[in-house]
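Numbering (the working numbering), first residue to last: 437 to 787.
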């Protein structure tokens, strides 16, 4: 096993690498592989151009033809304001540097806004797969409100040469039903044009907090969000790594079954992530977990830990933005490579 990965994991080595999943058996999981298009997607209703786009995504970068993906997302200029996001490293106000980081970082693709990718499309769309994020939450309304609104059209993304579109739905929010309908239509049109689809399956509702515990990243709620995402035919779902479980029971809403907690999951992060994978049709639709916000010196370990959890659970990869671009480019590249090294290490296997 890669000694650098072991060094980064430190005291967490045995906890993460020695874990055996006794919840959802690994034989039930569709594991990412170089044959994922032939084994999974060729059986679906996706047309040939969409299969080509999916192949382009898994066929690029350091993880090419492994079935795993490492994606650089930079839409925080809108989601978190440009000044807040890029002040730690102002070079990323320039869209070209965002694409350069993804390319030099060995990523499968770069995901960003219409503006960022459109600004450099003719120079780079044929050099690295583009994923256009079609909706965002903007923070300039006062008081701040939280809603995902469209910033462009699917046809516009197709015209700039994108291989995929990405979108966010705030499941659980008052606006979620409109967002579900809106993005389901967008995904259908994207597939018609031959583009792949990626859904950020996020939760947003103040009611998801109970007795001082935040269940926005609970395994049961995020798992159901993933299941709704694959229902509208997302080809890949993006989700935050689960940090707890039991949201349905604590908040006392929707429907749950005790077996969700006693047999299909446990308190171990790999088992909770495995539950997320299971809700994506047992891994037929790949799960990519979020790299999360930057915490400075702990970023490298946090990223590698997340990658190990995702891979051993049966996930498809990692999407890491702020941890990579809110530091000097050299360090950002090193972090992306460290994530990719986890997926390249054949000794890190399904739990």
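By construction, the Cβ of each residue, glycine as well, lies at the ideal position given by its N, Cα and C atoms.
In chain order, what residues of the same chain have a beta carbon less than 8 Å from the beta carbon of residue 710, not counting five sequence neighbours either side?
-> Position 274 of the chain shown, counted from the start, is the residue given in the question as residue 710. Around residue 710: 457, 459, 460, 465, 701, 749, 750, 787.
Specify, as a first and last residue, the run of the beta strand (DSSP E) that residue 506 falls within.
-> Here residue 506 refers to the residue found at position 70 of the chain shown. Residues 505-510.
Span of the beta strand (DSSP E), counted from its first residue to its last, around residue 723 | Counting from 1 along the chain shown, the entry for residue 723 is found at position 287. Counting along the chain, the beta strand (DSSP E) containing residue 723 begins and ends at 722-726.
Would you report the Cα separation of residue 777 and residue 441, rounded to the nearest angstrom?
-> In the chain shown, counting from the first residue as 1, residue 777 sits at position 341. In the chain shown, counting from the first residue as 1, residue 441 sits at position 5. So the two alpha carbons sit approximately 8 Å from each other.
Throw me the rounded Cβ distance for the residue 726 and residue 676 pair, which I believe falls under 8 Å.
-> Translated into positions along the chain shown, residue 726 becomes position 290. Translated into positions along the chain shown, residue 676 becomes position 240. Between residue 676 and residue 726 the Cβ distance is about 5 Å, and since that is below 8 Å, they are a contact.
Limits of the alpha helix (DSSP H) - the one that residue 761 falls within | The sequence position of residue 761 within the chain shown is 325, counting from 1. Its alpha helix (DSSP H) spans residues 758-761.
Along the chain, where does the alpha helix (DSSP H) that runs through residue 548 open and close?
-> Here residue 548 corresponds to residue number 112 of the chain shown, with the count starting at 1. Taken as a continuous stretch (DSSP letters only), residue 548 belongs to no alpha helix (DSSP H), being part of the beta strand (DSSP E) at 545-548.
Using the beta-carbon count (16 or more within 10 Å), is residue 548 buried or exposed?
-> Stepping through the chain shown from its first residue, residue 548 is reached at position 112. When all chains shown are included, residue 548 counts as buried.
When the Cα atoms are used, what is the spatial distance from residue 470 to residue 479?
-> Start at 1 with the first residue of the chain shown, and residue 470 comes out as number 34. Start at 1 with the first residue of the chain shown, and residue 479 comes out as number 43. Taking the straight line joining both Cα atoms gives about 16 Å.
Assigned exposure category for residue 759 - 16 Cβ within 10 Å defines buried = In the chain shown, residue 759 corresponds to position 323, counting from 1. It counts as buried.
Quick one, which of 695, 546, 699 has its alpha-carbon nearest residue 532's?
-> Residue mapping note: residue 532 aligns to position 96 of the chain shown, counting from 1. Answer by Cα proximity: 546.
Could you round the C-beta distance between residue 402 and residue 608 to whole angstroms and report it? I think they count as a contact, below 8 Å.
-> Because the chain here runs from 437 to 787, residue 402 falls outside it and cannot be looked at.
Quick one: grab the DSSP three-state call for residue 600.
-> For the purposes of this step, residue 600 is taken as the residue at position 164 of the chain shown. Residue 600: strand per DSSP, three-state reduction.
Neighbourhood of residue 690 by C-beta distance below 6 Å, restricted to the same chain and skipping five residues each side | For the purposes of this step, residue 690 is identified with residue 254 of the chain shown, where counting begins at 1. Taken in chain order, the residues that qualify are 684.
With a floor of 4 residues, list each alpha helix (DSSP H) that falls wholly inside the segment 519-576, ordered by position along the chain.
-> 531-540, 550-555, 557-560
Please go through the same chain and pick out, in chain order, the residues whose beta-carbon is closer than 7 Å to the beta-carbon of residue 594, but skip the five residues on each side of it.
-> As a working mapping, residue 594 is identified with position 158 in the chain shown. Once the five neighbours on either side are set aside, the close Cβ partners of residue 594 are 629, 631.
When burial is assigned at 16 or more other CB atoms within 10 Å of the CB, is residue 613 buried or exposed?
-> Reading the chain shown from its first residue, position 177 is the one you call residue 613. The residue in question, residue 613, is exposed, as its Cβ has fewer than 16 Cβ neighbours within 10 Å.
Over the uninterrupted beta strand (DSSP E) stretch that includes residue 636, give me the two end residues.
-> Residue mapping note: residue 636 aligns to position 200 of the chain shown, counting from 1. Here the beta strand (DSSP E) through residue 636 covers 632-639.
Integer Cβ distance of residue 571 from residue 604, believed to fall under 8 Å = Within the chain shown, the letter at position 135 stands for residue 571. Within the chain shown, the letter at position 168 stands for residue 604. Contact flag correct, Cβ pair sits at about 6 Å.
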